[in-house]
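Residue numbering for the sequence shown follows the UniProt record's numbering, beginning at 1 and increasing consecutively.
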Amino acid sequence: MSLRGREARRSVRVSWQWKLVIFGLVPLLVLGAVGAYLAGLGMAPTAEASLITYTWPVMFILISQWAFHRRIALPVIAGALIAFAGAALLLGPEALNNGFSGNLTGYGLALVAGGCWALYSWIWQATPVAIAPVMPGLFLLAGAGAAAADTVSGSAHALPSGTALVAGVALGLGPYGLAMVAWDLALRKGPTALVGSLAYAVPVLAALFLLLAGIAAPDWRLPLAAVLVVLGSLVAAGYGASLCIKTMRIVTRA
Numbered sequence: 001m002s003l004r005g006r007e008a009r010r011s012v013r014v015s016w017q018w019k020l021v022i023f024g025l026v027p028l029l030v031l032g033a034v035g036a037y038l039a040g041l042g043m044a045p046t047a048e049a050s051l052i053t054y055t056w057p058v059m060f061i062l063i064s065q066w067a068f069h070r071r072i073a074l075p076v077i078a079g080a081l082i083a084f085a086g087a088a089l090l091l092g093p094e095a096l097n098n099g100f101s102g103n104l105t106g107y108g109l110a111l112v113a114g115g116c117w118a119l120y121s122w123i124w125q126a127t128p129v130a131i132a133p134v135m136p137g138l139f140l141l142a143g144a145g146a147a148a149a150d151t152v153s154g155s156a157h158a159l160p161s162g163t164a165l166v167a168g169v170a171l172g173l174g175p176y177g178l179a180m181v182a183w184d185l186a187l188r189k190g191p192t193a194l195v196g197s198l199a200y201a202v203p204v205l206a207a208l209f210l211l212l213a214g215i216a217a218p219d220w221r222l223p224l225a226a227v228l229v230v231l232g233s234l235v236a237a238g239y240g241a242s243l244c245i246k247t248m249r250i251v252t253r254a
């Protein structure tokens with residue numbers, strides 16, 4: 001039977017456990033990833049917080065390997081250490097000089113955001129059905145959760161400005177709309193090694209954009225840290241590419 005046929009059959013008999021994961025955990029992960037990332041940007045330097053968040057590809061490989069094989073290969077561990085060395089390059093001098101001052105919480109939130117994205121991507125890969133068709137409902141649940149949390153926190157409410165509305169629509173259609181659908185399709189149908197390599201290029205592109213936009217000041221540590229993150233991800237992917245192929249075979253046979 002073709003993969004499409006197997007997916008069609010699985011869509012009829014999704015277990016209640018997977019329904020709970022899809023409609024319960026996934027919206028929480030989206031809310032946690034976006035909320036922690038934006039909160040982290042407000043408490044730590046933008047470039048450093050962004051780079052820490054973009055260690056998620058390595059975390060994704062670690063989660064995927066452990067979940068399906070109950071072991072983590074040495075190349076994956078080495079890749080993770082190299083990638084996190086990039087973050088340490090940014091954080092080390094500040095820790096030695098200022099004890100992280102007031103940025104530790106921001107860095108922690110950035111790491112939480114990366115972890116949420118990694119777990120979110122693994123669920124995207126492991127779930128027996130495509131999530132893209134129900135994505136609007138999942139984002140609606142995440143939005144409702146954000147509104148509820150904001151109400152409980154006692155924050156003052158005000159109508160957003162026109163600029164804020166335009167920015168919100170752009171973010172909804174782009175990074176949290178079309179990009180999510182594309183990522184779902186890429187994980188399920190694209191060449192795993194190529195998809196992974198493109199994802200690992202994000203830290204470099206993000207650092208370059210922040211520098212060009214004037215958001216981050218030029219610093220030799222920033223590009224070097226980005227290179228370390230990408231290098232570590234590629235080292236992990238050297239084993240992770242074959243791992244993901246095996247994982248997809250396990251999932252499609254389930």
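Backbone N, C-alpha and C fix where the C-beta goes; we use that ideal spot for every residue, glycine too.
Coarse secondary structure for residue i, derived from DSSP in three states
i	result
GLY40	helix
ARG221	helix
GLY145	helix
VAL129	coil
LEU28	helix
ALA158	coil
VAL181	helix
PRO175	helix
SER15	coil
ILE82	helix
ILE77	helix
ARG71	coil
ILE123	helix
ALA213	coil
THR55	coil
PRO45	coil
C-alpha distance - residue i paired with residue j, whole-angstrom precision
i	j	result
VAL30	VAL112	12 Å
VAL76	PRO128	26 Å
GLY42	ALA78	32 Å
ALA170	TYR54	21 Å
VAL166	THR46	22 Å
LEU231	ALA217	23 Å
ALA236	LEU210	26 Å
MET180	ALA110	20 Å
LEU23	GLN125	In the sequence as presented, Leu is not what sits at residue 23; that position holds Phe. Distance between the alpha carbons of PHE23 and GLN125 is about 16 Å.
ILE131	PHE139	11 Å
GLY154	GLY143	17 Å
LEU212	LEU20	43 Å
VAL152	LEU74	45 Å
PRO175	ALA158	25 Å
ASP150	GLY172	19 Å
residue 261	ALA226	Summary: the structure shown does not reach residue 261, with the chain confined to residues 1 through 254, and so no result is reported for it.
GLY214	LEU141	35 Å
GLY137	PHE60	24 Å
ALA164	LEU205	25 Å
Same chain, Cβ closer than 7 Å to residue i, five either side skipped, listed in chain order
i	result
VAL14	PRO128, VAL129
ALA49	GLY40, LEU41, GLY106, TYR107, ALA110
VAL58	GLY79, ALA80, ALA83, GLY232, SER233, ALA236
ILE250	Confidence in ILE250 is poor, its pLDDT being 47 and thus under 50, which makes the residue's placement unreliable; the coordinate value appears in the next sentence. The answer, listed in chain order, is PHE68.
ASP184	TRP124, ALA130, ILE131, ALA132
Close beta carbons around residue i, own chain, < 6 Å, minus the five adjacent residues each side
i	result
ALA182	none
TRP56	GLY114, TRP117, ALA118
Integer-rounded CB distance, given that residue j should sit under 8 Å from residue i
i	j	result
LEU51	ALA80	LEU51 to ALA80, Cβ: 15 Å. No contact.
SER233	ALA83	6 Å
SER64	TRP122	5 Å
LEU89	LEU228	7 Å
ASN103	ALA148	Contact doesn't hold; Cβ gap of about 29 Å is too wide.
Cutoff 8 Å; reference residue i; Cβ partners in own chain excluding five residues on either side
i	result
GLY145	PRO27, LEU28, LEU31
GLY168	PRO160
ILE72	LEU62, GLN65, TRP66
TYR120	VAL26, LEU29, VAL30, ALA33
Chain C contact for residue i (CB, 8 Å cutoff)
i	result
THR151	Among the chains of the structure shown, chain C does not appear; only one protein chain is present.
Three-pair Cβ contact test at 8 Å for the stretch 24 to 42 versus the stretch 113 to 133 = Counting Cβ pairs under 8 Å, three or more are found: they touch.
For the stretch 214 to 228 against the stretch 56 to 75, are there 3 or more C-beta pairs whose distance is under 8 Å?
-> Fewer than three beta-carbon pairs drawn from the stretch 214 to 228 and the stretch 56 to 75 are found closer than 8 Å, and the two stretches are therefore not classed as touching.
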